[in-house]
Every structure is written in structure tokens, then in C-alpha cells.
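I have placed the structure first, in the form of C-alpha cells, so that the comments after it can refer back to it.
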Amino acid sequence: MTSRSLTISSGVPGATSQTYTYGFTTILSQSIQSIEFEACTTAVGTCTGPTGMTINAGTEASRSGWTNATTFARNATGGGGCTPAANVLCLDRTQAASETPGARTLGWNTQTNPTTTNTAFFVRITIYSDTGWTDATPDTGTVASAVVQTLTVNANVAEVLNFCAGSTTVNDATTSVAGDCTAVSGTSLHIGTLDTSTVNISPISTNGGDSNNGVVMLRTNAVNGATVSYIARQQSGTNHLGTLRISGAACDAGATSTDQCINAAGATQAAFTAGVENFGMTIGGVNCGSVTGTSYSCVYASGTNHLQQGAQYVGGASSTTYGASAAKGFAWVESGTATQVASSTTVVDDEALILRYGATPAITTPFGAYTALTDFIAIATY
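If you read the sequence shown in the working numbering, its first letter stands for residue 80, the second for the next number, and so on.
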């Protein structure tokens, strides 16, 4: 099988009730009647199940690209080359007709992530033409993913995926943020005391600001590229749980400027006006300072960076100009759904997204300490 990928619904360690969506391309015209998914701590060699991970549960949640409509079912008994265990999921169906070669996906629900923070895991996929996992020439392939703490993802895997998040004082597209993900640190930034006379844009060095931007760095050898998305972590309280807010506050359902939740910019990048309550994020630029010269030429100003910003998250005047401004604006999806902000179509070598946050209050915005939490996900397609 070729062009393999694994999409997980959440990268939080120990998260339950997750959906794992496997994508792979088959090249042979043959029936597919049984499949083994084996989760391991390594891509090759003896398989050790990741701590706390359970994939031997659930039912088929989604599918695409399959020639035959017969669904798969979990088999708790197994047989042949598949022995069910916490880290082994055995699926079967009765469908002797051949599957046409091509790309397909299979989603499976009720999965439990590994519990060890900042750890990569691998799922070895084996497909069989018979119903008993005994085909003498099965088709195999491996996919990789990782579970991470908020703002920090580190993985060092055979199918390479290094992804991390943190804070940085770097505010350009050329100065190295860190040699690689192991040197990325920090879990917060402060954009200072907000005032109606201005739009605060990170980095802020006065009025309580800490001179930091946010940063995410990606390195992967996935030849089919990768995507980077963020999720606005939902805080305690009522309404607008994913925006810049006072944790635990009861906020109005609509967009008002008198509650303890600052209005989120939304999915479409919009200009900010000082004194008109708003909060959002943009990407100042793709930082190439950590890309080694032997990898490829990465110059943001020339557009040779492999990781490209999404259209709603270009902070500068263009996708080759570093910056962030109230006039260009910001976006912020507060719902808690994954929102893609950057992507590549090929390998990426330690390119970093410099995250610029902006906010301004209204005169009616209540005083207090406001916080927004962000999780990041990277999905690589090998």
C-alpha cells in the first residue's frame, strides 16, 4: 500500500472516545476481507504497545473510496495472523468481490490515545484478501502520529515527524528560533494590558507584555506533505469558551462588549479597530532560520519555504512579506474545531510559523485577567 496516513481527532494524551481515520492507497485488484491494526512504540521490529493505548474497541465510523459497501466489524476472537489485544484491532467482513486499486479511508471510533505525554506511536496496517487473516501475501504499511501536551509536540520517528509549539522572542522570518524542536520552550505569552486607544499585537514589551510571540515548528519527511491546525481549547464558563476570556465567567450568547469574553474575530481574517472589542491570531511569516542549507533553499521573502500559510492567516502585506497589523487583521475560530492554518505538499525541515496575537477592548469590556488556550495538531501524509 502507498500514500499512508493516520488522522486522529485529538492529540491529547489519554483522550478517550477518539476516532482514528486511516488513509491508504492499494495497488492491487483483490478482495479485502480482513485487516489488522497493530499499535507499537516503534515503526519496525518487535512491537510494544504504547502505554495506556486501547484500539481494540469501537465500530466503523466512516469510509471513502471503497468499491464494495459491506462494512467491517471488530472481531474479538481473531485468528490466523491477528490476535486481539489492547493494541491490536482485528476487523473482518464477508465480501469476496475485489476492491479496485486506489485511495481509500476507514474511520474507527471509541479509540483511546496513549497516556505518555509528547510521544509518537505507530500503527502497522496489514490487509488480507481472506476472512481469517491467513493470506500468504498480505499488503502492509505503517503510519505514525503523536500525542502531545498543549503547545508542545515532540516526536522522533522512523517516518519522521517532529512537531512542537512554544513561545519565542523571534519576530522575523530569518532569525533561528531554535536548532530543532528539542530546543523550543515556553508555554505562554502575554500581550500586555489592553487599552481602547490601540490594538495590542504581539510581541508586546510594555504594560505587562513579555516580548514573546507564539511559535510552532515542523519537521517531517512525509513526501506527500503535512498540515498544521489549531484548536481553541474550551475553558470553563458559559458561552464563548474558546476565546480570550476570564476563565469561569458567564458570557452572553451573542457578540457583545459588556461581558468577560472578548469577541473572537471568526474564520475570516478581518481588520481590527482600536476600541472595537476583538481577539485573533495571524501568522507573521514562515521562519526559515532553522532550515539547514543542505535540505533545500528556504527564503520566506522569495516564497521558497515549503510550509505555506493559509489565506486567512497571512499577517504581512503578502505571503512573502513578514508582518502583522491591525489593518491586515486577524482570525480566530473559537468553537474548538480544528482549523488549518498552514500546509505543505512535500517534506518540511524545521520551518517555524511565527504566531502573532492581537486584541483590543471596548470601553465597556470588564477589567480582569483574560486567557486563551490553544492546542496544535500536525498531520503528515507519507
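Glycine included, every Cβ here is placed at the ideal spot set by N, Cα and C.
Keep in mind that this is a model prediction, so the values were computed, not measured.
Contact check, residue i vs residue j, beta carbons under 8 Å
i	j	result
R83	G304	no
T453	G368	no
D289	L320	no
F351	G408	yes
I341	A438	yes
G128	G93	no
Q314	P445	no
D218	L85	no
A410	A344	yes
A199	A223	yes
I442	T275	yes
G415	V226	no
T179	T146	yes
I325	A448	yes
R183	C169	no
G316	A328	yes
A417	F242	no
Buried versus exposed, by CB contacts within 10 Å (16 or more), residue i
i	result
I433	buried
Y436	buried
G181	exposed
F116	buried
S397	exposed
N286	exposed
V123	exposed
V295	buried
D251	exposed
A148	exposed
A118	buried
A257	buried
V370	buried
A406	exposed
T337	exposed
T162	exposed
T120	buried
T247	buried
Residue range of the beta strand (DSSP E) that includes residue i
i	result
W411	F409 to W411
D171	V167 to D171
N135	Looking at the DSSP string, N135 is not in any beta strand (DSSP E), and its letter there is neither H nor E.
R83	T81 to I87
A225	D218 to V226
N318	Segment: none, N318 is in no beta strand (DSSP E) and carries neither H nor E.
E115	S113 to C119
D428	V427 to T439
S246	L240 to T247
W187	G181 to Q190
N292	N292 to T299
Y401	Y401 -> no beta strand (DSSP E), and no H or E assigned at all.
T127	T127 -> no beta strand (DSSP E), and no H or E assigned at all.
A199	T198 to Y207
Q97	Q97 to T105
S423	T418 to S423
Q339	Note, Q339: premise wrong, no beta strand (DSSP E); not H, not E.
Rounded separation between residue i and residue j - CA only
i	j	result
G467	T266	The structure shown does not extend to residue 467, since the chain is modelled only from 80 to 461, so the question has no answer here.
F201	E413	31 Å
Y392	Y309	12 Å
T306	A459	7 Å
Q348	C126	46 Å
T261	N279	30 Å
Y99	N166	13 Å
N300	G395	28 Å
S88	T399	32 Å
T277	L323	17 Å
E139	N197	28 Å
A403	A431	16 Å
V249	A176	57 Å
P193	V355	43 Å
Q109	F455	38 Å
A380	S423	17 Å
G211	G102	22 Å
Y375	Y461	19 Å
L386	C377	10 Å
V302	V426	5 Å
D171	R142	15 Å
R312	V420	16 Å
I114	T156	13 Å
P440	D259	37 Å
Beta bridge counterpart(s) of residue i as assigned by DSSP
i	result
R312	None, per the DSSP bridge assignment.
D454	I310
W212	For W212, which the question treats as bridged, DSSP gives no partner whatsoever.
V355	None; V355 has no bridge partner.
V365	L432
S143	T184
G468	Because the chain is modelled from 80 through 461, residue 468 falls outside the range shown and cannot be assessed.
Residue-level contact to chain D via CB, residue i, 8 Å cutoff
i	result
A405	Considering every chain present, this structure includes no chain D. It has just one protein chain.
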